[in-house]
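Undergrad: The structure is given below, and queries will be raised subsequently.
In my numbering, the protein residues as written are 59 to 285.
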């Protein structure tokens, strides 16, 4: 039922070594049309991530005129301190990927559910996660764009998965990821549970609840759609 990072990640991922020069990092970013790259050590273990913003710090902190001393806004400083970017001033003086990168990197694993990867990105304000194996070696990368792939799951697959999870008596229709539940179940809690289970299927955009039940769990009398 749950899609994993392995289902959506890019396995053929470009990376740079921590001693890769600033110029070479820029070439890799532009040449491959990506906004960030995993940084690995000599054993292929992920030690950080270097992004476009890390390189742009060198321009950001240059003097516009003699005596010009740039000081980022409070909001920018807070983003650097609390977010994933690290100190812009420090990065402005970096010459290698290891000096430019954000470290340690926030990573995930191939078997992690997509939903957990999405939460990790949101929690740390990052656009991509290196995917590592049990030894911490680079196995791929997953981006926000990759996570959107879950919503391309075919309607027929979604319907099958929802049917497998909801109680008997529930009719399931799916169109463009929108699930409609109809029919009659015995108890109100069964109807509520069916909605929650359907919402938990990856690829579901929303659930329309058109279910009826015969007995309310609290008073045990017909309440809605009773037979």
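Backbone N, C-alpha and C define an ideal beta-carbon position, used for all residues, glycine too.
Suppose you measure from the CA of residue 169 to the CA of residue 238; what does that come to, to the nearest Å?
TA: Reading the chain shown from its first residue, position 111 is the one you call residue 169. Reading the chain shown from its first residue, position 180 is the one you call residue 238. Cα-Cα distance, rounded: 30 Å.
Undergrad: Sorted by chain position, which residues of the same chain lie with C-beta nearer than 6 Å to residue 223's C-beta, five sequence neighbours on each side aside?
TA: In the chain shown, counting from the first residue as 1, residue 223 sits at position 165. If we look at residue 223 and ignore the five residues flanking it on each side, its Cβ neighbours are 255.
Undergrad: Which value, in whole angstroms, describes the spacing of the CA atoms of residue 75 and residue 84?
TA: Along the chain shown, one-based indexing puts residue 75 at 17. Along the chain shown, one-based indexing puts residue 84 at 26. Residue 75 and residue 84 have their C-alpha atoms spaced approximately 13 Å apart.
Undergrad: Which stretch, first to last residue, makes up the beta strand (DSSP E) that contains residue 194?
TA: Stepping through the chain shown from its first residue, residue 194 is reached at position 136. Segment: none, residue 194 is in no beta strand (DSSP E) and carries neither H nor E.
Undergrad: How many whole angstroms separate the CB atoms of residue 198 and residue 189, which I take to be in contact at a CB cut-off of 8 Å?
TA: Your numbering for residue 198 matches position 140 in the chain shown. Your numbering for residue 189 matches position 131 in the chain shown. With a Cβ gap of about 4 Å, residue 198 and residue 189 count as contacting.
Undergrad: Near residue 275, which residues of its chain fall below 6 Å by C-beta distance, leaving aside the five closest residues on each side in sequence?
TA: Mapped onto the chain shown, residue 275 falls at position 217. If you ignore the 5 residues before and after residue 275, its C-beta comes within less than 6 Å of the C-beta of 245, 246 and 247, all in its own chain and listed in chain order.
Undergrad: Whose CA, out of 106, 179 and 91, lies closest to the CA of residue 195?
TA: Locating residue 195 in the chain shown gives position 137, where the first residue counts as 1. Out of 106, 179 and 91, 106 has the C-alpha closest to the C-alpha of residue 195.
Undergrad: Which whole-angstrom value describes the C-beta separation of residue 73 and residue 185, a residue pair presumed to lie in contact below a C-beta threshold of 8 Å?
TA: The count along the chain shown starts at 1 and reaches residue 73 at position 15. The count along the chain shown starts at 1 and reaches residue 185 at position 127. Contact doesn't hold; Cβ gap of about 16 Å is too wide.
Undergrad: Rounded to the nearest angstrom, what separates residue 204 and residue 67 at their Cα positions?
TA: The residue given as residue 204 occupies position 146 in the chain shown. The residue given as residue 67 occupies position 9 in the chain shown. Cα-Cα distance, rounded: 6 Å.
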